[in-house]
Structure formats: C-alpha cells, structure tokens
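Written out below as structure tokens is the structure these notes cover.
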DNA sequence: GGCTGGTATCAGTACCGGGTGATGTGAGAG
DNA sequence: CTCTCACATCACCCGGTACTGATACCAGCC
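Residue numbers (the working numbering), protein chains in the order written: chain A, 22 to 123; chain B, 22 to 123.
This is the structure:
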C-alpha cells in the first residue's frame, strides 16, 4: 500500500482560483475567454494559473484557431483521489497503533 | 453530484510538513515528541502545524498525562477522496462537452 | 499588406504564510 | 512546594507566490 500523496499536485490544486478552474473544466471543456467570464478574474491572472496547471499535467491544451481549449485530465485527479483513499484506509486500520510514551 | 472540493481542507494539506505529519499519523497514533524525532522539525514548528490540522478537524488530540497524542480522522480524508473521485468522474463523463467559441 | 482580437510572457509589487526564538502553562516527579 | 519536562502560544522575520500592467506573439479578417 502506498500512502504517499503527491505534494506538488496538491499545492497546485490548493489555490482557490485554480480549484475553481479545475471544477469548471470538470463540467465542460472551455477556452480562456470562457474562464475569464466565468471566474471574473483578469486574463493575465488566468493565463498564469493555466500555465501552472498545464505544467503540473492537470490540464491539456487544444488549439482551435485563435482560441485555446483547456481540458481536464481525469486520470490525474483520479490518481490523487486514490492516494487519499489509501491514506484514509491506512488511517482506519491503524487507528489503534499507539506508540508508547518515550 | 457535488463536484465541489473543500478548498480550505486542501490548503491545510498542501504544506509538505503537514502532509508528512498526516502520512505518519495514518500509520500510527503519535505524540508531539515522536513527530519531532520523525520529522526532524522543531517542536514549535510542529506545534503550529498541529494547531492548523486540529482547527481544520483533520486530527484530534488525546491527552495522556504530560503527553498529547494525535490521531488522524479517517473520515475527513475519506470525504476529500470522495470529492476528488466525483470530480474525476465528472471530468470523465463531460470530456466532450465543449462550449462554442464566443 | 495592416488591423483586430485571443492568448502567452515578462517584470514589478504586495501580501500571505511558514519558520524561529522567547515565553507561558500545566502536569508529574522529587 | 519546587523543579523539570511536554506542549502551546505569541511576536517577528522573511521568502515564495498570487495579482497586476505592459508588452509580445499568433491567427484570422479586411
């Protein structure tokens, strides 16, 4: 059982705006201008966050003329979910393992 | 289907040291001095992080004389895992929902 | 060709949050 | 009671990072 969670991936998702982007992309594939009007954030700000998500492998881009569509990669999220599931399972079984006071 | 992930909870877990603490507590219940020697961090630093984890409801304390045992709450982690599972599932089914270019 | 609109990159700033040292508190041991 | 130890709290510094404005890039339209 691997009870190690990818720290970098969580840190990428720990930002409110990035998590909002991910949540929106989980419902449909969108391009930057859509995300601008959905989130209300500036275009530059969004582009920076999208770069972080892209470099972390959370999203992938698909150019469409002048537009750039962003799509969420479900397997990355699923892998993270699995890591947390393992962690919860480990915690549940090892709840009574109490190391003696030194 | 609720595809909203608790931002505050992720931000709590997004710190490397806190995630290390959680991973250690997933294997056995420990007190602060154990965590000090396991992580190599200062006691003050650990105490600060443990406070954050406590206030977020991730861990619960159990006083034992002069010692304080920290136990991980599996349901909180499991709930987070479920949220990510839902998110991944939503992304998988809605992969082809592409909003038209404006 | 020039122009416009969509997006990415760069440099600067401001702020949040993690690390640390000093100090407080409370329970046992003597 | 006093002293020690385990732990918590407070105040402070400092570095990373999110946000911004200016600018560069690229594709399509005229």
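Glycine included, each C-beta is placed from N, C-alpha and C at the ideal position. Since the model is a prediction, treat every value here as computed from it, not as a measurement.
Of all alpha-carbon atoms in 55(B), 28(B), 29(B), the one lying nearest the alpha-carbon of residue 41(B) is that of 55(B). Judged by pairs of C-beta atoms under 8 angstroms, the region 24 to 38 of chain A does not touch the region 86 to 104 of chain B, as fewer than three such pairs exist. Nearest CB-CB separation between residue 50(B) and chain A: below the 8 angstroms threshold. Under the three-pair Cβ rule at 8 angstroms, the region 45 to 65 of chain A counts as touching the region 107 to 118 of chain B.
One Cα belongs to residue 53(A), the other to residue 68(A), and the distance between them is close to 8 angstroms. With a threshold of 8 angstroms between beta carbons, residue 35(A) makes contact with chain B. Annotated three-state conformation of residue 37(B) is helix, per DSSP. For residue 75(B), the number of other beta carbons within 10 angstroms of its own is below 16, and it is reported as exposed. Under DSSP, the beta-bridge partners assigned to residue 92(A) are 81(A).
Excluding residues up to 5 positions away in sequence, 52, 53, 82 lie with their Cβ nearer than 7 angstroms to the Cβ of residue 89(A) in the same chain.
Excluding sequence positions up to five before and after residue 31(A), its CB lies within less than 8 angstroms of the CB of 101, all in the same chain and listed in chain order.
In this structure, residue 33(A) places its C-beta atom within 8 angstroms of the C-beta atom of residue 77(A).
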